[in-house]
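What follows is a single structure, written as structure tokens, with notes after it.
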Amino acid sequence: MGKRQHQKDKMYITCAEYTHFYGGKKPDIPQTNFRRLPFDHCSLSLQPFAYPVCTPEGIVFDLLNIVPWLKKYGTNPSNGEKLDGRSLIKLNFAKNSEGKYHCPVLFTVFTNNSHIVAIKTTGNVYAHEAVEQLNIKAKNFRDLLTDEPFSRQDIITLQDPTNLDKFNVSNFFHVKNNMKIVDPDEEKAKQDPSYYLKNTNTETRETLQELYKAFQGDEVLAATMRVPEKTKVDKLNAAHYSTGKVSASFTSTAMVPETTHEAAAIDEDVLRYQFVKKKGYVRLHTSHGDLNLELHCDLTPKTCENFIKLCKKQYYDGTVFHRSIRNFVIQGGDPTGTGTGGESYWGKPFKDEFRPNLSHTGRGILSMANSGPNTNKSQFLSLVWHFPLCLRKPHLPHSMQVWGSCRRLASGPLVSPWRLCVDVSTAFLRPPASASLPSAPARTWTRSTPSLGGSLEALTH
1 MGKRQHQKDK MYITCAEYTH FYGGKKPDIP QTNFRRLPFD HCSLSLQPFA
51 YPVCTPEGIV FDLLNIVPWL KKYGTNPSNG EKLDGRSLIK LNFAKNSEGK
101 YHCPVLFTVF TNNSHIVAIK TTGNVYAHEA VEQLNIKAKN FRDLLTDEPF
151 SRQDIITLQD PTNLDKFNVS NFFHVKNNMK IVDPDEEKAK QDPSYYLKNT
201 NTETRETLQE LYKAFQGDEV LAATMRVPEK TKVDKLNAAH YSTGKVSASF
251 TSTAMVPETT HEAAAIDEDV LRYQFVKKKG YVRLHTSHGD LNLELHCDLT
301 PKTCENFIKL CKKQYYDGTV FHRSIRNFVI QGGDPTGTGT GGESYWGKPF
351 KDEFRPNLSH TGRGILSMAN SGPNTNKSQF LSLVWHFPLC LRKPHLPHSM
401 QVWGSCRRLA SGPLVSPWRL CVDVSTAFLR PPASASLPSA PARTWTRSTP
451 SLGGSLEALT H
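Okay, structure coming up:
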């Protein structure tokens, strides 16, 4: 026995063994793996054709697919050879009453095992048996439908069951080289996530529809990426304090360095409300008469502006006073009539405007109906009886701010056993809307403020 005959035997699988013999070795894929293409399919898209054309060799394409291919490549997709679009022949397939392709002479239905030919001059498609019996053997080279003359060389074989090489998808040039034409409509459809969902149940479709309705990702993302516009500071909206950017940039390295103090801008609403000095008056035309309301615009301007603008946009028209407590209050302002709906003119709740001289101490007092502090929307309530300050209803929340009063009901009692319905609301005097600030040229100013370095600089706002 020879020495060291087992020295190459390892107790583990080597890299060469794993690559060539065991799990790492991939099986050889034969290049002649046959994949049959049906006769009624396009050789480019591999889908059923709608407008069939063929080459002089009998390779069938769909006109809508081959034209973009020829514009881009100018070759035959099946073999890679040059192809002129003018050499394509339009095919006229006949269909029976069931919508299947058949021979218009013998009326035999075409299958994948049928021998199919076409006449080059007319493009009509027949079974090979009909052409052989009625044209070749009879030596009558005229089209069987149109009676147009043709030569024997004009007979094109579309499918020969004994020779199916041109129907082997594995040998197609564009399949081997993974060549394709990008469809703009398909690329646009791929942007929709539902494009990749082939089969979904009813529950999934309904869930996705609700998600698409509520999803506004692009708008939210654009809003977060939008740079806020810088408010111009003038002599009216300039605050007595700065924006704080100098100290913030000095403390934090994440801030953009600032060396100049700038006055902060006061909100425009705060400035407008300073010019409101009058009361507002609104008349609600209800189903039981007119309610004349006096609004304390000089004391609660934002609340009154919300009510007046809602009246102006006919928000309260057709609403009802959904809540009525005898000898206590009536509550309305909810379009849904449930007591849980309604929204402010700005689409979000606004802050309370409490004043020490406004309280629930008299008949007809108007106050906001809310669910807590700073949650005012569109609902309001009115006291319908006189309660002294010491006899106020204990369950009337203190978070309901007073902003007006109901002077009188023009016709009929203030409270009826039936529900009041607001028909039309009319605002006679709108102080918050009429209050305006001076024009932009009159608001420009120039002042000198110290910079971070201690020098004086002229700032123009």
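Counting from 1, one number per residue, gives the positions in the sequence shown under full-length UniProt numbering. Just so you know, even glycine gets a beta-carbon here, dropped at the ideal spot from N, CA and C.
State the beta-bridge partners of residue 332 as determined by DSSP. 380
Taking the alpha carbon of residue 346 as the point to measure from, which residue in 378, 153 and 65 has its own alpha carbon closest? 378
Identify which residue in 100, 78 and 52 has its Cα closest to the Cα of residue 88. 52
Contact the region 108 to 126 vs the region 36 to 43: 3+ CB pairs below 8 Å: yes
Residue(s) in a DSSP beta bridge with residue 290: 285
Can you tell me whether residue 272 is buried or exposed, with buried defined as 16 or more other CB within 10 angstroms of its CB? buried
Please confirm if the region 255 to 270 is in contact with the region 236 to 244, defined as three or more CB-CB distances below 8 Å between the two stretches. yes
Which runs of the beta strand (DSSP E) spanning at least 3 residues fall entirely within the region 224 to 251, listed in chain order? 238 to 242
Apply the 10 Å Cβ neighbour rule to residue 305 and answer buried if 16 or more other Cβ atoms are within range, or exposed otherwise. buried
Is the Cβ-Cβ distance between residue 286 and residue 368 less than 8 Å? no
Which residue or residues does DSSP assign as beta-bridge partners of residue 213? Looking at the DSSP assignment, residue 213 forms no beta bridge with any residue, so it has no partner.
Measuring straight from C-alpha to C-alpha, what distance separates residue 152 and residue 121? 11 Å
In whole angstroms, what is the alpha-carbon distance linking residue 230 and residue 242? 14 Å
When DSSP labels each residue in this structure, what does residue 15 get in the three-state scheme? helix
Need the endpoints of the beta strand (DSSP E) that residue 366 sits in, please. 365 to 368
May I have the straight-line CA-CA distance separating residue 288 from residue 403, to the nearest angstrom? 23 Å
Can the beta-carbon of residue 126 be found less than 8 Å from the beta-carbon of residue 104? yes
Could you tell me the boundaries of the alpha helix (DSSP H) in which residue 158 lies? No alpha helix (DSSP H) holds residue 158; the beta strand (DSSP E) holding it covers 155 to 159.
Of the residues 200, 214 and 267, the one placed nearest residue 233, counting alpha carbons only: 267
Just to check my reading of the structure: residue 77 and residue 43 have Cβ atoms closer than 8 Å, yes? What is that Cβ distance to the nearest angstrom? 6 Å
Can you give me the Cβ contacts of residue 349 inside the same chain, cut-off strictly under 7 Å, excluding the 5 residues immediately before and after it? 374, 375, 376 and 377
Quick one: Cα of residue 256 to Cα of residue 211, how far? 39 Å
Residue 91 and residue 130 closer than 8 Å at C-beta: no
With DSSP as the reference, label residue 10 as helix, strand or coil. coil
Is residue 72 helix, strand or coil when you go by DSSP? helix
Can you tell me whether DSSP reads residue 271 as helix, strand or coil? helix
Go ahead and label residue 15 buried or exposed: buried means 16 or more other beta carbons lie within 10 angstroms of its beta carbon, across all protein chains shown. exposed
If residue 93 and residue 101 are in contact, beta carbons under 8 Å, what's the gap, nearest whole angstrom? 5 Å
Just reading off the alpha helix (DSSP H) that residue 50 is part of, what are its end residues? Neither: residue 50 is in no alpha helix (DSSP H) and is coded neither H nor E.
DSSP state of residue 136 mapped onto helix, strand, coil: helix
Could you name the residues of the same chain whose beta carbon sits closer than 7 Å to that of residue 141, not counting the 5 residues immediately before and after it, in chain order? 135, 149, 150, 151 and 152
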